[in-house]
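Enquirer: Each step along the sequence shown adds one to the number in the numbering used here, with nothing skipped, and position 11 is 1436.
Cβ atoms here follow ideal geometry from the backbone N, Cα and C, with glycine treated the same way.
Keep in mind it's a predicted model, so treat the numbers as computed, not measured.
I'd like to ask you about the structure that follows.
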Amino acid sequence: MSAPPTVLVVGGAGYIGSHMVWLLGQRGVNVVTLDDLSSGHADAVTSGRLERGDMADRALLDRIFSSQPVDAVMHFASFIQVGESVEQPARYYRNNVLRTLDLLDAMRAHGVKHFIFSSTAAVFGEPAYTPIDERHPQQPINPYGRTKWMVEQVLADYDRAYGLRSVCLRYFNAAGAHPDGLLGERHDPETHLIPLVLQAASGRRAGIKVFGQDYDTPDGTCIRDYIHVMDLAEAHWLALQRLLQGGASGVFNLGNGGGYSVQQVIDVARAHTGREIALEYAPRRPGDPARLVADATLARQELGWVPQYPDLATLVAHAWRWEQRCASASAPRT
Ligand code: UFG
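Okay, structure coming up:
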């Protein structure tokens, strides 16, 4: 029997990274998490060893890559807030691009040849058509999307020049939580719709603002393609198998291909939780396209990816289990 692979998960203490670390642990992979804990949580790392530090710290990377052969690196450590990226682009270019280049330099120096990168639907900008396939024009409309798009270009060049093979996974709207309530979303500040709606349901938040009711959609609110975090983790697993088996680099869109409106998300959350969720109808949020829906046919065909939790009600149920855990942990003790 061959030895289990070793995977370095950069950002493995964060939302999607921690679900990945859990899945890799379940599949018998030797996991090393590298996370500076600036937004991640040490207690979310449920498998392998946690190295606290910076992904651009060359001495630390040299030590990690020298201490055992690393078969692949998965990179989840990005800044992700679109609005913040517009106000503070330097932070975004430095963290999401320059520090990623430092990580790639260290990989090259140590002969690590496989890289799985968290990209985003934000590389497409305003959709010219939906559902969005991989050939859709890539014209990001904010610095966050541009940082991800730039790294995609870098990776294509590094494959040609250095033989570093990579898979870029373009997530649409990551959501949900571990089905058993072990892990979930803990951003601070939280900006994503589903956790905000559920925080309103649990009483941790007074209500929720609905950004725009005048979009060209059936109920006037924006449509997004919500994809379960465990389905994203599974796609990374399949991408890892592809690279370890000698497969070519690739870029894949990840979504369910359906899409739900903001109003539908709120309705499902009300029905599932049985709680009132106070709404405030607010103006459009700048930069929000009306409809973002993935065509993930390529991931199905080439990776064999089949989402297990495509249904919004299941996704909300899992996220609600997690929210209830967070709400009871943060409740004042009597
Ligand atoms: N929304 C509200 N109220 C809120 C929060 C969100 O109405 O309080 C709406 C947004 O306007 C949007 C939808 O809910 O229509 C989803 O918003 P999120 O902030 O949850 O997610 P985004 O679609 O803005 O962001 C996602 C990813 C980003 C990526 C972006 C690409 O999280 O990483 O898609 O456009 F950049």
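Would you mind giving the Cβ-Cβ distance between L1623 and A1694, rounded to the nearest angstrom? I have them listed as a contact below 8 Å.
Expert: Working through the sequence shown from its first residue, we reach residue 1623 at position 198. Working through the sequence shown from its first residue, we reach residue 1694 at position 269. With 8 Å as the limit, L1623 and A1694 qualify as a contact, their Cβ atoms being about 6 Å apart.
Enquirer: Taking P1562 as the reference, which of P1552, R1571 and G1570 has the closest Cα?
Expert: As a working note, residue 1562 is residue 137 in the sequence shown. Minimum Cα distance to P1562 is reached at P1552.
Enquirer: Within 8 Å, do at least three Cβ pairs link the stretch 1701-1712 to the stretch 1664-1674?
Expert: No: the two stretches stay apart, fewer than three of their Cβ pairs being nearer than 8 Å.
Enquirer: Output the distance between the C-alpha atoms of I1441 and A1631, rounded to the nearest integer angstrom.
Expert: For the purposes of this step, residue 1441 is identified with residue 16 of the sequence shown, where counting begins at 1. For the purposes of this step, residue 1631 is identified with residue 206 of the sequence shown, where counting begins at 1. Looking at the two C-alpha atoms, the distance is approximately 27 Å.
Enquirer: Determine the closest residue to A1599 out of S1427, H1653 and D1558, with distance taken between C-alpha atoms.
Expert: The residue given as residue 1599 occupies position 174 in the sequence shown. Nearest of S1427, H1653 and D1558 to A1599, Cα basis: H1653.
Enquirer: Cα separation between G1684 and S1492?
Expert: Taking the sequence shown and counting its residues from 1, one reaches residue 1684 at position 259. Taking the sequence shown and counting its residues from 1, one reaches residue 1492 at position 67. Going by the C-alpha atoms only, they are around 45 Å apart.
Enquirer: Rank D1530, R1750 and R1477 by C-alpha distance to the C-alpha of D1605 and give the top, closest one.
Expert: Within the sequence shown, numbered from 1, the residue matching residue 1605 stands at position 180. Per the Cα distances, R1750.
Enquirer: In the DSSP output, what is S1492 paired with across the bridge?
Expert: Residue 1492 sits at position 67 when you count from the first residue of the sequence shown. DSSP output for S1492 lists no bridge partner at all.
Enquirer: S1753: buried (16+ other C-beta within 10 angstroms of its C-beta) or exposed?
Expert: Walking along the sequence shown from the start, residue 1753 turns up at place 328. Answer is exposed; the Cβ neighbour count stays below 16.
Enquirer: Nearest to H1382 by alpha carbon, out of T1739, D1692 and H1612?
Expert: Past the boundaries of the shown model lies residue 1382; the chain is included only from 1426 to 1759, so the question cannot be answered.
Enquirer: Measure how close the beta-carbons of I1648 and V1741 come, nearest whole angstrom, since I'm counting them as under 8 Å.
Expert: Working through the sequence shown from its first residue, we reach residue 1648 at position 223. Working through the sequence shown from its first residue, we reach residue 1741 at position 316. 16 Å between Cβ atoms; not a contact.
Enquirer: Can you determine whether any heavy atom of the ligand MG sits closer than 6 Å to the C-beta of N1598, and answer yes or no?
Expert: What this structure holds is the ligand UFG, not the ligand MG.
Enquirer: What residues match up with Y1685 in a beta bridge as DSSP calls it?
Expert: The residue you call residue 1685 lines up with position 260 of the sequence shown. Answer by DSSP bridge pairing, in chain order: R1649.
Enquirer: Just to confirm before moving on: does the CB-CB distance between I1541 and M1499 stay below 7 Å?
Expert: By one-based count along the sequence shown, residue 1541 stands at place 116. By one-based count along the sequence shown, residue 1499 stands at place 74. Yes, the pair counts as a contact, with Cβ atoms nearer than the cut-off.
Enquirer: Can you list, in chain order, the residues of its chain with a C-beta nearer than 7 Å to that of V1454? Leave out the 5 residues immediately preceding and following it.
Expert: Against the sequence shown, residue 1454 aligns to sequence position 29. Cβ neighbours of V1454 beyond the five flanking positions: P1429, P1430 and V1432.
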